[in-house]
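With the first letter of the sequence shown counted as 1, position 26 gets the number 715 in the working numbering; the numbers rise by one all the way through. Structure first, then comments.
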Amino acid sequence: MKITIYCDGSCSGNPGNGGYCAILTSEKFPPKTVNGYDPETTNNRMEIMAALAGLKALKYPCEVEIISDSQYLVNTMSKNWKRKVNMDLWQELDDIAKIHTITWTWVKRNSLPELEQCDRIAKEQSESVSLAA
């Protein structure tokens, strides 16, 4: 089955409060949203976390297209950009990516309604960190 994962991360300050969101869509199931936050993080970590959260939500190996406005995420995974930081997350993403057949697609920021929704939810998650503190 083909799954599309739209993902985005947000960070208030860099480092600072962060949030992420992934929206999973397919022809067989209604859209599913997964999201979360981190009280002390960076925007790049949240971009990786969004992709991780989307992939972790899959119950079995799938054909996946991950759509993101993060060149950092997409090019690191598809063009083997050098990895100097966030090695813990890159390793986890590599491990889970092996389970699936993944196409990584970069698009301009807020160029798709699903990415606009991810952006909004990621920002809400980022803001919820300060409310919870």
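Note that beta-carbon positions come from the ideal geometry of N, C-alpha and C, so glycine has one too. Small disclaimer: the values here were computed from a predicted structure and weren't measured.
Practice item. Kindly give me the distance between the Cβ atoms of Thr-790 and Glu-752, rounded to whole angstroms, as I take these residues to be in contact under 8 Å. Key: Sequence index remark: in the sequence shown, residue 790 carries index 101 (1-based). Sequence index remark: in the sequence shown, residue 752 carries index 63 (1-based). Indeed, because the Cβ distance is near 5 Å, the residues count as touching under 8 Å.
Exercise for review: May I have a chain-ordered list of the beta strand (DSSP E) segments no shorter than 3 residues that lie completely inside the segment 732 to 809?
Suggested key: 752 to 757 and 790 to 795
Review point. By Cβ distance below 6 Å, which residues in the same chain neighbour Asn-764 in space, the five residues on each side in sequence not counted?
Key: Here residue 764 refers to the residue found at position 75 of the sequence shown. Only Trp-770 meet the Cβ criterion.
Review point. What first and last residue would you give for the beta strand (DSSP E) that runs through Lys-717?
Key: Sequence index remark: in the sequence shown, residue 717 carries index 28 (1-based). Lys-717 -> no beta strand (DSSP E), and no H or E assigned at all.
Review point. If we call anything under 8 Å between Cβ atoms a contact, is Tyr-761 one with Met-738?
Key: For the purposes of this step, residue 761 is taken as the residue at position 72 of the sequence shown. For the purposes of this step, residue 738 is taken as the residue at position 49 of the sequence shown. No, these two residues do not count as a Cβ contact at 8 Å.
Exercise for review: Within its chain, find whatever has a CB closer than 8 Å to the CB of Ala-786; leave out the 5 residues flanking it on each side and keep chain order.
Suggested key: Indexing the sequence shown from 1 puts residue 786 at position 97. Around Ala-786: Leu-744 and Met-766.
Check your understanding: What distance in whole Å lies between the Cβ atoms of Ser-699 and Met-735, which are believed to be in contact at a cut-off of 8 Å?
Key -> Translated into positions along the sequence shown, residue 735 becomes position 46. Translated into positions along the sequence shown, residue 699 becomes position 10. Between Ser-699 and Met-735 the Cβ distance is about 6 Å, and since that is below 8 Å, they are a contact.
Check your understanding: Given Glu-729, which residues of its chain have a CB within under 7 Å of its CB, disregarding the five upstream and five downstream residues?
Key -> Within the sequence shown, residue 729 is the residue found at index 40, counting from 1. Contacts found: Pro-704.
Review point. Is the distance from the Cβ of Leu-804 to the Cβ of Leu-741 below 8 Å?
Key: Working through the sequence shown from its first residue, we reach residue 804 at position 115. Working through the sequence shown from its first residue, we reach residue 741 at position 52. Contact flag unset, no.
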